[in-house]
Every structure is written in structure tokens, then in C-alpha cells.
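In the working numbering, the protein residues as written are 2 to 311.
Backbone N, C-alpha and C fix where the C-beta goes; we use that ideal spot for every residue, glycine too.
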Ligand code: MN9
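What follows is the structure, given as C-alpha cells:
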């Protein structure tokens, strides 16, 4: 059971909000339909992109239920249950099972930093054990959790300690470490790439799946990168990957999540704004984001229909 393998481009889905800032469950199905049409092969729900940490547990559960229903078995639904309270994380993991999700994933607690591998194993062991029927993926994102754990050591020891540990979502930029995670002796772990703008490098280093925010807005572009590599055409793959680099650079010159949600609206996937502490873009920022994207040709190569003129 732990020898699970995710494949392709998994969208880290956003959580739609209405104009009053309430989670808009009705926007989830149309969004997921569009994502699947665009080539997405899985959904990672309530992660960083989904602002999972800014939602109440009840909201997280309702988003998971709506996402599982909307996916309707078409693509796997991975539920991110990380929480500063391990008890709440376990409760969310149990709920993911009852809701019919396919995979559970969790960040480590982050207010108090996790000090060492042993502590991380204890935290993740408890959460994984709350949903023993499902494969479990540790969500490694040191830039946000602030915990600098040796992930290779975690996997080596986790193989013996956590029966349903299937792998991890690796959101860091250390390609050599990402590769080492795939060669652990304890088990054949599924190591999923999490930095979209470096997908090409990750594919070259053995990635078979990637989870990320920009697969919401440019999955067709990334599909073309994979096709180019499959055809041995590295030159094309590099040129297309550079589109992703340019896109992320433009997005990062604004508050990133606000930019992502604004772009989804431009691509006819209205998902509303962000929740504090994240901020939505001002009208001026939205215009300048759109201009920045036009400048790099985003609307020509993202592969989505738009509701703005060229
Ligand atoms: O984990 C995302 N990371 C964060 C996935 O949200 C911190 C990525 O998809 C990035 O948003 C993306 C842009 O840097 O690579």
C-alpha cells in the first residue's frame, strides 16, 4: 500500500471565497472540471496554495468534501491536514478517509519549530496513523514551516516506523537532495516535486509527479514540456520551461496568492480573493499583472481561454 505512485501534474487547488470572504463551495466543481480538462491529473487540497492553514477545521472539511464530490473519481484527491495542533491534524486525516479522499499529506507544526528528525517522525507518525488505510505523504516545505530537517534521514527512518508512509511532497530547490530521497534504502518512496519553475530539472532527476500552484493556470504548457522530453527534444523543453520561470517572476512581483487568484479569474475560473493574512491585489495591481503577463506572451502559451483581449 505504501508503494503508491502519483503521476503527472497535480494542481495545488485554491480555496474559492465569495465577496464576503466566505468559502464558496459552489465554485469548486467548475474549477475542478476546468483543471481536469486542462491536463491536471490530481488535486492537492488545503495546502499552501489552498490557504489550508487560514481555514477553520470545519471549512477544511467542507472544501475536502466538495473537492472529492467534484472530482468524482476522475483524479486522485490528496488532502493536506497539517496543523499546529496534532490532534486537529489527526481529526482532519480521519475525516479525509470518511470523505473518500485518496491520499493524506501533512506539513509539520510550524509555530514551535520541529527540532530534529525524531520529533518529525513522532508528529508525522501520529497523523499517518490516524488514517492508516490511506497512503501518507509528508509535505516538506522548510521555507514556510521553518523546520530544517534532513528529509533523507526522515525517509530512511520513516520506512521502518510509519507503515503507510508513501513518500513526500518536496517543496525545496535542492535537486541533489530531491534525487537522494528517491534512492533511500528503507523503501521505494514516491517523491513528488513542488517547485513549478524548476519542473524540467526535476523531471531530469527522476520526478514522475509534481504538485504546484501554477498547474492551475498553465497545465497545458507543462504538459508540452513533458511531451518534449518524451520526444527527446530538450531544446523545446527548455524554451517552454523558461515561460514558467518568466510567469512565476511576474507573479512574484505581486502578492503571489492574490496574483494566482486574479489570473484564475482572467482565465474564466472565478475564485474570489484571499483570506488574511494574505491580501488580494488592488485594481491597479491587477491591471499591471495583466500587462506583465501580456508582455511575456502568457495568454498565448498558457493553453487556457481567457476573458481578456490580447
Ligand atoms: O508547493 C508551491 N509552493 C508554495 C507548491 O506555495 C510555497 C509552488 O507551486 C510554488 O507556488 C511555485 C511558484 O514558486 O513553484
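- Secondary structure within the region 82-138: the alpha helix (DSSP H) runs of 4 or more consecutive residues, fully enclosed, are 87-100 and 118-131 (chain order).
- Within the DSSP bridge table, the entry for residue 194 names 171 and 211 as partners.
- Residue 135 is positioned such that its CB atom lies no closer than 9 Å to that of residue 192.
- Annotation: residue 153 to residue 119 spans about 13 Å, alpha carbon to alpha carbon.
- Exclusion of the five residues before and after residue 158 leaves 118 and 122 as the residues of its chain whose Cβ lies within less than 7 Å of its Cβ.
- Listed as beta-bridge partners of residue 13 by DSSP are 45.
- Taking 8 Å as the cut-off, the C-beta of residue 214 counts as close to a heavy atom of ligand 1.
- Judged by DSSP in its simplified three-state form, residue 184 adopts coil rather than helix or strand.
- Straight across, the Cα-Cα distance linking residue 41 with residue 162 is about 33 Å.
- Residue burial annotation: residue 110 is buried, with at least 16 other C-beta atoms found within 10 angstroms of its C-beta.
- Per DSSP, residue 73 is not a residue of any alpha helix (DSSP H), being assigned neither H nor E.
- Where residue 145 is concerned, the enclosing alpha helix (DSSP H) starts and stops at 143-146.
- A distance below 6 Å between beta-carbons, with the five flanking residues on each side excluded, links residue 304 to the following residues of its chain, in chain order: 221 and 222.
- Residues 248 of the same chain have their beta carbon placed closer than 7 Å to that of residue 299, with the five preceding and five following residues left out of the count.
- Around the beta carbon of residue 216, 16 or more other beta carbons sit within 10 angstroms, so the residue counts as buried.
- According to the DSSP secondary-structure assignment, residue 166 is paired through a beta bridge with 137.
- Counting the other CB atoms within 10 Å of its CB gives residue 186 a total below 16, which places it among the exposed residues.
- Below 8 Å, too few C-beta pairs join the region 31-40 and the region 289-299 to call them touching: fewer than three.
- DSSP, read as helix, strand or coil, puts residue 78 in strand.
- Here DSSP, grouped into helix, strand and coil, assigns residue 24 to strand.
- Counted as a single uninterrupted DSSP element, the alpha helix (DSSP H) harbouring residue 241 occupies residues 235-253.
- Apart from the 5 residues on each side of it in sequence, residue 61 sits with its Cβ closer than 7 Å to the Cβ of 47, 53 and 93 in its chain, given in chain order.
- A distance below 7 Å between beta-carbons, with the five flanking residues on each side excluded, links residue 168 to the following residues of its chain, in chain order: 138, 190, 191, 192 and 193.
- Look at residue 168: its beta carbon is at least 8 Å from all of the heavy atoms in ligand 1.
- According to the DSSP secondary-structure assignment, residue 179 is paired through a beta bridge with no residue.
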